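So the protein sequences, as listed, match chains Z and V. Offset between the first sequence (1-based) and the numbering used here: plus 660. Offset between the second sequence (1-based) and the numbering used here: plus 252. For each residue, glycine too, the CB sits at the ideal point set by N, CA and C. Quantities reported herein were computed from a predicted structural model and do not represent experimental measurements. Notes to accompany the following structure.
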Amino acid sequence: MSEQTADPAADPRATLDPPRDEEPPSGWFGRLWASNFMVTVLAFVTAMLIGGILIAIADPQTQDASHYFFQYPWDTFRYGIEAIWNGYVALFQGAIFNPTTAAKGTLAGYLGPISETLTNATPLILGGLSVGLAFRAGLFNIGGQGQVIAGAICAGFVGFHWHLPPGLHLILAIVAGMLGGAVWGGIAGVLKAKTGAHEVITTIMLNYIALYFLAYLLSVKGFQKPPYGQAVSNPVFKSAQLPSLLGGSVRVHAGLILALLAAVGIGWLIDRSTLGFRLRAVGANQFASRTAGMSVENSYITVMLIAGALCGLAGVSQILGTNSQITGDIDAGIGFDAITVALLGRANAKGIVAAGLLFGALHAGGTQMQSATGTPIDLVQVIQSLIVLFIAAPMLVRAIWRIKGTSTGVGGQLAKGWNG
Amino acid sequence: MTAVAQSPEELTVEHVVTRAPVSRAQRLGAGISLIVLGLVTIWRFAINGHHDQDATLRFGALNAENVPVLHLPAVPVAWVAGILTVLLGVVWLVAPRRRWFGPFMGAGIFLSVVALICWLASASSFAFVDVVGLLSSTIALAVPLILGALCGVMCERSAVINVAIEGQMLAGAWTAALFGSLMGITAGVLAGALAGALLGSMLAVFAIRYLVNQVVLGVVLNVFAAGLTGFFYDVFMQPHTDTLNSTPLMEPHKIPLLGDIPVIGPLFFDTYSIVYLTYVLIVVVDVWLFRTRWGLRTRAVGEHPKAADTVGIRVLAMRYRNVIIGGAIAGIGGSYFIFQVGQFQKNITSGQGFIALAALIFGRWSPRGAVAASLLFGFASAMQVVLSINAPAIPSAFVAMVPYVATILAVAGLVGKVRAPAADGEPYVKE
């Protein structure tokens, strides 16, 4: 988190305002309090506080108590705080460790919640890397949904249509998924490079084209599972499935290894490689990069190919790991969740892994919370969007918590307008 | 680029008075598209058409009286339409003129669609196509798109990108369902507009005050609206469906005299009040943008905020107002979904906000263009329904893709070039 993504020069205010003569915060606590990391933490805390209010509103006992709020307000607060406590305890139990299931002494009882968190985090990390990489090159890859679908279609097709020896089958299916995603992302990259079409517009449209194409495929013989009653594909053969990491009783699968490898690879690519330097330069200032002799067009195409391949890999993890059949909602909202992951992770590999784990934990915990306390899982979506909203508007967080200092929001490097 | 980067040299205006050139991409893209369209028409509807039966087109429902009925020989119609479309493409390739672009593409698409409808109507499986029915479902499907796209016009003409149309519609829909159930349709529509405006003001504050990247912001607000409406649906509406989530349905109101005109009457003047409100809003937004002082200022703020600020226009205030009003319009669009079916469901807008965004872009950020694009996309959806019932051989999913492919072609400059307001998406900070 220490690395600041947004270039201060990209924020108009940073250049327009003369530097303010504020005293720098003194002491280690003061410095920590004023740091960007603290803003991230406080964004999380603020979002959880608002989420807590929503939990209290949703609690039937609190609702009943609120009818006599003016006679005896304490009941409302007591039940409300109880509901929030129970909700967040259930969230924790679903995501990290659940003493009740652990008491059974089975592997699934101990590691089930963590496994759910990791399973949920796997595609989020991959998608987040995709969006984050594009961010660094100044592109906004909003087309994760379409790329995940394209990846899942290709990986799934290889997985259930070809008969190959184990091992080889899996590798080919993974490669096919990456290629599928890369092609889908590459279309947007080529259009941007050759015609200047804004990638946000083209990727949104490509999402819907992929969705309808998938809907079509799920009604085609050879793709759809007999007896053709439901819109699901044939199941992927065992030889093409990602192996389970901790045995069959918990869901976490080798897709997680792929995601972590991808994170290491992308981290190296961005920070250590020549290509990464070129991409960051283009992202920081495309005009200067052009003057320096870099091909901005090639960079756009390259970055969208890699970003697409990463989302394709998220699709691979969905179809070869978490599920074994393609359905109409195989993308499971990963494309849009990935954007929030990349923003929270400030578009660097370590941050994205951390953010992916956090949101994976929220998703896993949300499911448990819904079944244990009846709080709808949509709450997770609200918390997630609030976190990112606060991260993107750090001055708001600083104003709420009375922190001095300035910081720029994420996404400052992105081209701002449709024409840019 | 930020406002500060514009040095005086860059602000120099060059006066170039020549005929607007047609780019190579547009020349080839549009020409080849037309030729392919014509050839597909000839191949599918003429050569492989239904030779044994004439097409029967009814301009009214089966139970209506005094309905004009047209009998056309489908195969010759398809031949003529296909050949004319190919000719249009060839003429465009040889001598393109930018002014002719719209009429050429329009004529080509129109001819192919006529051939398609005649082909459908001549299929032995069903006896006729009700043209008025098809067009009225086009309008019914286009109304929310029009309202969403008008919201986009309001926001983006004053340089605030609005990707959150979907979220504003969803917020409007939820609130309209709640207040519609409690107090009736009028209150519901008003509440929907308010909720849309509320989400619009969130967009405005974060974009204008906190300078958040507007595309990021739009995406996040969509997630926020989907999460919040889903949450409150589960908490309040699900357990009390009878009282909190069952609204009255819209009833069509026939306008006297106008409603009695054949074909046009039932199509435009025998419909729901939200649709009449949409007519009014279309005219208001168009007149407002191009004929009023406010509109002129809005366009100035959208194209060159610094210049606008220099002559004393309050740039940020303009943007706040326009974005909030735009949100209200999108909220009305959201409430339309509710009063069609009478209740809220999670994610009831199902991506219509994004089609509205596509319509805005395809319509080149102008109210009239946005309306035309919405109608075109609405027609594609209406055709999709007709085709999936009557011609399962044509996969309806590909018809559903039409709006999205068309928008990609448009932004890529393959069929005409679209250009956003110059300052769209750039925050303005006073020096």
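Secondary structure note for residue 307(V): its beta strand (DSSP E) is the uninterrupted segment 307–310. Counting the other Cβ atoms within 10 Å of the Cβ of residue 645(V) gives fewer than 16, which makes it exposed.
Just so you know, the alpha carbons of residue 914(Z) and residue 382(V) end up roughly 56 Å apart. Scanning its chain for C-beta atoms nearer than 6 Å, with the 5 sequence neighbours on each side dropped, one finds around residue 910(Z) the residues 768, 771, 772 and 775, in chain order.
Sequence-distant partners of residue 337(V) (beyond 5 residues in either direction) whose C-beta falls short of 7 Å from its own C-beta, in its chain, are 286, 289, 290, 293, 360, 363 and 364.
Counting only runs of 4 or more residues that sit fully inside the segment 943–1022 of chain Z, the alpha helix (DSSP H) segments are 946–951, 956–976 and 994–1004, in chain order. Within the segment 983–1008 of chain Z, the residues whose Cβ lies closer than 9 Å to some Cβ of chain V are 993, 996, 997, 999, 1000 and 1003, listed in chain order. CA-to-CA, the gap between residue 576(V) and residue 414(V) works out to about 11 Å. Under the 7 Å criterion on CB atoms, residue 390(V) is classed as non-interfacial with respect to chain Z.
Taking 8 Å as the upper bound for CB-CB distance, residue 588(V) and residue 405(V) are not in contact here, some 18 Å apart. According to the DSSP assignment, residue 829(Z) belongs to the alpha helix (DSSP H) that extends over 828–855. Chain-ordered, the chain Z residues with CB closer than 8 Å to the CB of residue 647(V) read 876 and 879. In terms of CA proximity to residue 1017(Z), 916(Z) leads the group 976(Z), 916(Z) and 993(Z). Between the segment 632–643 of chain V and the segment 456–465 of chain V there are fewer than three C-beta pairs closer than 8 Å, too few to call the two in contact. The beta-carbon of residue 872(Z) is placed less than 7 Å from the nearest beta-carbon of chain V. For residue 681(V), there is no enclosing beta strand (DSSP E), as DSSP gives it neither H nor E. Neighbours of residue 480(V) across chain Z, judged by C-beta separation under 7 Å: 1042. Close CB contacts of residue 375(V) within its chain, under the 6 Å cut and outside five residues either way in sequence, are with 302 (chain order).
Residue-level contact check: residue 652(V) touches chain Z, since one or more beta carbons of chain Z fall below 7 Å from its beta carbon. Under the Cβ criterion (8 Å, minimum of three pairs), the segment 1013–1033 of chain Z counts as touching the segment 750–766 of chain Z.
Under the three-pair Cβ rule at 8 Å, the segment 845–857 of chain Z does not count as touching the segment 983–1002 of chain Z. In this structure, the alpha-carbon of residue 788(Z) lies about 44 Å from that of residue 355(V).
Of all residues in the segment 478–508 of chain V, the ones placed with a Cβ closer than 7 Å to any Cβ belonging to chain Z are 478, 479, 480, 482, 483, 486 and 487, in chain order.
With a threshold of 7 Å between beta carbons, residue 843(Z) makes no contact with chain V.
Nearest CB-CB separation between residue 665(V) and chain Z: below the 7 Å threshold. Within the segment 489–556 of chain V, the runs of alpha helix (DSSP H) that reach at least 4 residues and sit entirely inside it are, in chain order, 493–496, 516–520, 525–543 and 545–555. In this structure, the alpha-carbon of residue 941(Z) lies about 9 Å from that of residue 954(Z). For residue 475(V), a Cβ of chain Z is located within less than 7 Å of the residue's own Cβ.
Residue 477(V) and residue 469(V) have their C-alpha atoms spaced approximately 12 Å apart. Assigned with DSSP and collapsed to three states, residue 382(V) falls in strand.
For residue 472(V), the nearest CB of chain Z lies under 7 Å from its own CB, placing it at the interface with that chain. Counted as a single uninterrupted DSSP element, the alpha helix (DSSP H) harbouring residue 651(V) occupies residues 648–652. When Cβ-Cβ separations below 7 Å define contact, residue 800(Z) makes contact with chain V. The closest CA to that of residue 583(V), considering only 315(V), 443(V), 555(V) and 306(V), is found on 443(V). With respect to residue 473(V), residue 579(V) sits apart: the two C-beta atoms are not nearer than 7 Å.
Classified as exposed, residue 958(Z) has fewer than 16 neighbouring CB atoms from the shown chains inside 10 Å of its CB.
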